[in-house]
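So the structure is just underneath, and the comments pick up after that.
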Amino acid sequence: MLTLVLVGCTVAALAGLLGGALRQHDPDALTGQGRPPGDSVLGKVVTIRKTRDDSWTRRPWPYIRDRLTFPPLDIPAVILHSTITPGKCYRVDPATLTCTCSYFLLRGSSAAIGSKERLCRHLRKVYAERGALPAVVNMVLLDDVHFCETDQLWSGEVEGVPVAIAWREGDPWVTIYTRSNALNQSPEFQRYNFHLDHAGWSDSRAPKYNATAIRQMLADWFGDRKLMA
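Okay, here's the thing in structure tokens:
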């Protein structure tokens, strides 16, 4: 009788150890949820596959040789007040493309002179005001919400209309800045977003004058015919 009790205790202990080991490798066990009955396993596989199909797939990313550069400006240094911290000021020197803000000291200072990666928001502001750049490029520089210094940036004319295009490797969204108002008026520009995987414009908002030509450019750059209108 004692032998049976000892055997039973041993089996129970082994079961407990095995159960603990299984719980360490089974995510459902950690949450107290077992595997659902019936066809639910197939449903889980289908869900995973659907998520992968809908996710961003990597593709060759274009390198545009005529990307914008920002060389030093032959103008005196200026003092800019912070738009975020009241009472704080920064010395911005366009001739050396330097700034005393923490962003420049931590990141911009290590970037090459003339590269977009060197521009903090204060250098971008001075460049937009004094750099004699096309108006559409100034809009990109002053777009603090969407500007990213590591984006590739191209600017030129598409069907006679100024355009700036920015994209980030690994992100399916391409940002397009182009003219939005009548050509006989003072130029106004808007930002549009194009999704490479869906081959469509965000909220179905497309540029007024050159949407088809822009899609043709993107198809050529990214080597994907489905991006054409």
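Heads up: the sequence shown is residues -15 to -1, 1 to 214, going by mature numbering (1 follows the signal peptide of the UniProt record, and there is no 0). C-beta atoms are modelled at their ideal positions from N, C-alpha and C, and glycine is treated no differently.
What are the boundary residues of the beta strand (DSSP E) that Ala204 is part of?
-> Element bounds for Ala204: not the beta strand (DSSP E) but the alpha helix (DSSP H), Ala196 to Phe207.
At least three beta-carbon pairs within less than 8 Å, the stretch 114 to 129 to the stretch 87 to 97 = Touching, no, given that fewer than three Cβ pairs across the two stretches are closer than 8 Å.
Figure out for me which residue from Val159, Gly155 and Glu114 has the closest Cα to the Cα of His131.
-> Val159
Output the distance between the C-alpha atoms of Arg164 and Arg153, rounded to the nearest integer angstrom.
-> 22 Å
Every unbroken beta strand (DSSP E) inside the stretch 115 to 149 [3 residues or more] | 137 to 143
For Thr135, the nearest candidate out of Arg176, Leu104 and Tyr75 (CA to CA) = Leu104
Can you name the residues that DSSP bridges to Arg103?
-> Answer is none; Arg103 lacks a bridge partner.
Report the three-state DSSP secondary structure of Gly155 (helix, strand or coil).
-> coil
Helix or strand or just coil, what does DSSP make of residue 218?
-> The shown model of the chain, from -15 to 214, leaves out residue 218, and the question about it has no answer.
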